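The sequence shown begins at 8 in the numbering used here and counts up one residue at a time. Ideal placement from N, C-alpha and C gives every residue a C-beta, glycine not left out. Here the structure is a predicted model, which is why all the values come from computation and not from measurement. Comments concern the structure below.
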Amino acid sequence: MDKIVINGGKPLKGEIKISGSKNATLPLMAAALLAEGKSTIRGVPDLRDIKTMANMLRIIGATVTIEDGNMTIDTTGCNYFKAPYELVKTMRASIYVLGPLVARFGEAEVSLPGGCAWGPRPVDFHIQGIKKLGAEVELESGYIIARSKKLKGNIVNFDIPSVGATCNILMAATLADGKTVIQNSAIEPEVTALAEFLVKMGAKIKGIGTSELEIIGVDELFPVDAEVVSDRIEAGTFLVAGAITGGEITLHNCEIHHIESVINKLEETGCKFKISGKSVTLFAPEKVKSVNVKTAVYPGFPTDMQAQWIALMSVAEGSCTVTDTIYKDRFTHVSELSRLGANIKLDGNIAFVKGRENINGASVMSTDLRASACLIIAGLKAKGRTDVLRVYHIDRGYEKIEEKLKALGADIWREEGGL
Ligand code: EPU
Numbered sequence: 008m009d010k011i012v013i014n015g016g017k018p019l020k021g022e023i024k025i026s027g028s029k030n031a032t033l034p035l036m037a038a039a040l041l042a043e044g045k046s047t048i049r050g051v052p053d054l055r056d057i058k059t060m061a062n063m064l065r066i067i068g069a070t071v072t073i074e075d076g077n078m079t080i081d082t083t084g085c086n087y088f089k090a091p092y093e094l095v096k097t098m099r100a101s102i103y104v105l106g107p108l109v110a111r112f113g114e115a116e117v118s119l120p121g122g123c124a125w126g127p128r129p130v131d132f133h134i135q136g137i138k139k140l141g142a143e144v145e146l147e148s149g150y151i152i153a154r155s156k157k158l159k160g161n162i163v164n165f166d167i168p169s170v171g172a173t174c175n176i177l178m179a180a181t182l183a184d185g186k187t188v189i190q191n192s193a194i195e196p197e198v199t200a201l202a203e204f205l206v207k208m209g210a211k212i213k214g215i216g217t218s219e220l221e222i223i224g225v226d227e228l229f230p231v232d233a234e235v236v237s238d239r240i241e242a243g244t245f246l247v248a249g250a251i252t253g254g255e256i257t258l259h260n261c262e263i264h265h266i267e268s269v270i271n272k273l274e275e276t277g278c279k280f281k282i283s284g285k286s287v288t289l290f291a292p293e294k295v296k297s298v299n300v301k302t303a304v305y306p307g308f309p310t311d312m313q314a315q316w317i318a319l320m321s322v323a324e325g326s327c328t329v330t331d332t333i334y335k336d337r338f339t340h341v342s343e344l345s346r347l348g349a350n351i352k353l354d355g356n357i358a359f360v361k362g363r364e365n366i367n368g369a370s371v372m373s374t375d376l377r378a379s380a381c382l383i384i385a386g387l388k389a390k391g392r393t394d395v396l397r398v399y400h401i402d403r404g405y406e407k408i409e410e411k412l413k414a415l416g417a418d419i420w421r422e423e424g425g426l
């Protein structure tokens, strides 16, 4: 298994381009199933999760090609409506095929995703939502089996806003009979990007970007050619990497308003910013100040940046709390950061972080995607050598992270071997 090795202590300097968003690309790929023919998605990042979703679509019978970030999905041959456990267990977002398959082909068999490294991540909203649209749903041998000759519009109200369930039900509703209203829908940029993609395909959707989406079903959708939005979590991760090293970096291809919550928090730590169009330059102080963070749904501080923030706070001046209100168990990185000498105490979903003068390199283990990013960030600051093991997690969601960090002057490389 590959590992990433870092000799810490170098301030990052220079400029890089942010890639297309993983979490925006995945639902667009599923949405392509809603139309017969060939859709093109441009600016697709080269990531393991994207390849997993491409394989998922191939199992269904689509022809998927990816060349230089341009993906084509031809759905003409789709004839097998099952998402098998072997794929779904490696990537929960495979559940995105549920809505489109039932809506267009009248049936879907999608494996329940099972556990997650950081606690329960149920899919009950997806199931309740598709039932509300009239599908008959059975749970059998670990699979969600959903059938409907023709979905019917309805009011779907989520207890809490869910990105995945909103996307799934939104896709399903585009081909349902009549009007669907999704109340308390998620308003993350990935949901908005999907809604805009669907409108391009011919869907009728009102309220895009708000917490109430109104969809009038149409008989047919059409293939499209569209560009994927840039990855706000990749951008946030690089800003935090720049901040922890006391660096000065410019990121191009950013949707600045998507990362406002991260920029605002970094400003509180003492970082300064210059923004010009889709580019942002960060000027970090030698040492950042401690700043409390509480994750929240968009436009709040993203849970996908919580681990990286804890890494930054572990070398900040002072003490702070980092609270995750979205995923209360998402803290597997804390014990690994402690191996680097970080002073963090966990109480439920609150991490109490006491900033240290510095942390020291060691071997640490990635446990999931954002935890890996957090450990790499910590390694960039730590004294001496840090080996981040099991980096296959990072390849799920960060395109060429070590190459981009190297371009910013980090002493970082990938090695074969390790646990
Ligand atoms: N929830 C339920 N039931 C459901 C669905 C969600 O109770 O059926 C709860 C979850 O347990 C959680 C909350 O609702 O407490 C929000 O979860 P959401 O459904 O919004 O998450 P998701 O769609 O499964 C996406 C991202 C995650 C990101 C979350 C929150 C993708 C593929 N995944 O997950 O990204 O953390 O939204 O913003 O878009 C990552 O990229 O590392 C990642 C985990």
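| Looking at the structure shown, is Arg421 part of a helix, part of a strand, or coil, going by DSSP? | The three-state secondary structure of Arg421, taken from DSSP, is strand.
| message | Classify Thr302: buried if its beta carbon has 16 or more other beta carbons within 10 angstroms, exposed otherwise. | response | With 16 or more other Cβ atoms within 10 Å, it is buried.
| Per DSSP, what kind of secondary structure is Arg49 in: helix, strand or coil? | It is a strand residue.
| Segment limits, alpha helix (DSSP H) that includes Tyr92 | Here the alpha helix (DSSP H) through Tyr92 covers Tyr92 to Val95.
| query | Glu275 bridges to which residues according to DSSP? | reply | The partner list for Glu275 (beta bridge, DSSP) is empty, contrary to what the question assumes.
| query | If we call anything under 8 Å between Cβ atoms a contact, is Ile333 one with Leu19? | reply | No. Outside cutoff.
| task | Could you check how far apart the C-beta atoms of Thr32 and Ile48 are, in whole angstroms? I think they sit under 8 Å. | result | Right, their Cβ atoms sit about 7 Å apart.
| Whose CA, out of Tyr405, Met320, Val395 and Arg377, lies closest to the CA of Arg363? | Checking every option, the nearest Cα to that of Arg363 belongs to Met320.
| message | Classify Thr244: buried if its beta carbon has 16 or more other beta carbons within 10 angstroms, exposed otherwise. | response | Classification of Thr244: buried, given that the 10 Å Cβ count is 16 or more.
| query | For Ile215, which beta-bridge partners are listed by DSSP? | reply | In DSSP, Ile215 forms no bridge with anything.
| request: Would you kindly report the start and end of the unbroken beta strand (DSSP E) that includes His264? | output: For His264, no beta strand (DSSP E) segment is defined, and its DSSP state is neither H nor E.
| Just how far apart, CA to CA, sit Val163 and Asn191? | When the Cα atoms are used, Val163 and Asn191 turn out to be separated by approximately 9 Å.
| task | For Pro292, count neighbouring C-beta atoms within 10 Å of its own C-beta (all shown protein chains included) and say buried if the count is 16 or more, exposed if not. | result | Sixteen is the threshold: since fewer than 16 other Cβ atoms of the shown chains lie within 10 Å of the Cβ of Pro292, the residue is exposed.
| Cβ of Val170 within 7 Å of any heavy atom in the ligand EPU? | If you check the C-beta of Val170 against the ligand EPU, you find a heavy atom less than 7 Å away.
| Among His264, Leu258, Val329 and Tyr305, which one has its Cα closest to the Cα of Ala193? | Closest by alpha carbon: Tyr305.
| query | Bridge partners of Val329, per DSSP? | reply | Paired residue(s): Val300 and Ala358.
| field | Glu114 - partner residues in DSSP beta bridges | value | Note: Glu114 sits in a beta bridge opposite Arg154.
| said: Using 8 Å for Cβ pairs, my map puts Ile351 next to Leu376. What's the rounded Cβ distance? | reply: Wrong, their Cβ atoms sit about 20 Å apart, outside the cutoff.
| field | Arg55 (DSSP reduced to helix, strand or coil) | value | Under the three-state reduction of DSSP output, Arg55 falls in the helix class.
| query | How about Tyr405 and Met8: are their beta carbons less than 8 Å apart? | reply | No Cβ-Cβ contact shorter than 8 Å links Tyr405 with Met8.
| query | Using a threshold of 7 Å, is the CB atom of Asn30 nearer than that to any non-hydrogen atom of the ligand EPU? | reply | At a threshold of 7 Å, Asn30 counts as near the ligand EPU, since its beta carbon sits closer than that to one of the ligand's heavy atoms.
| said: Buried or exposed, going by whether 16 or more other CB atoms sit within 10 Å of the CB of Asp81? | reply: Buried is the call here.
| DSSP bridge partner residues for Met78 (one or two, in chain order) | Met78 has Ile48 and Ile73 as its beta-bridge partners, per DSSP.
| Beta-ladder partner(s) of Asn350, from DSSP | Note: Asn350 sits in a beta bridge opposite Lys361.
| field | C-beta atoms of Leu94 and Ala153 nearer than 8 Å | value | Contact flag unset, no.
| message | For the structure I just gave you, are there three or more beta carbon pairs, one from the region 217–236 and one from the region 339–355, closer than 8 Å? | response | Cβ pair count under 8 Å is below three, so no.
| task | Run the proximity test for Asp131: is its beta-carbon closer than 7 Å to any non-hydrogen atom belonging to the ligand EPU? | result | Yes; taking the cut-off as 7 Å, the Cβ of Asp131 has a heavy atom of the ligand EPU nearer than that.
| said: Check this for me: beta carbons of Ala389 and Ile366, under 8 Å apart or not? | reply: Going by C-beta atoms, Ala389 is nearer than 8 Å to Ile366.
| query | In three-state DSSP terms, what is Val12? | reply | Three-state DSSP puts Val12 in a strand.
| request: Assign Ser46 to buried or exposed, taking buried as 16 or more other Cβ atoms, counted over all protein chains shown, within 10 Å of its Cβ. | output: The residue in question, Ser46, is buried, as its Cβ has 16 or more Cβ neighbours within 10 Å.
| query | Which residues in the same chain as Gly185 place their Cβ atom closer than 7 Å to its Cβ, once the five residues preceding and following it in sequence are excluded? | reply | Only Lys159, Gly160 and Gly224 meet the Cβ criterion.
| request: Give the straight-line distance between the Cα atoms of Thr330 and Lys272, rounded to the nearest whole angstrom. | output: Using only the alpha carbons, I get a separation of about 14 Å.
| field | Coarse secondary structure for Phe204, derived from DSSP in three states | value | DSSP places Phe204 within a helical segment (H, G or I) once states are collapsed to three.
| Could you give the C-beta distance for Thr252 and Ala323, rounded to a whole number, given that I count them as a contact under 8 Å? | Between the beta-carbon of Thr252 and that of Ala323 there is about 13 Å, and that puts the pair past the 8 Å contact cut.
| request: Could you tell me if His264 is buried or exposed, where buried requires 16 or more neighbouring beta carbons within 10 angstroms of its beta carbon? | output: His264 counts as exposed, since fewer than 16 other beta carbons sit within 10 angstroms of its beta carbon.
| field | Range covered by the alpha helix (DSSP H) that runs through Glu241 | value | Unbroken alpha helix (DSSP H) run through Glu241: Arg239 to Ile251.
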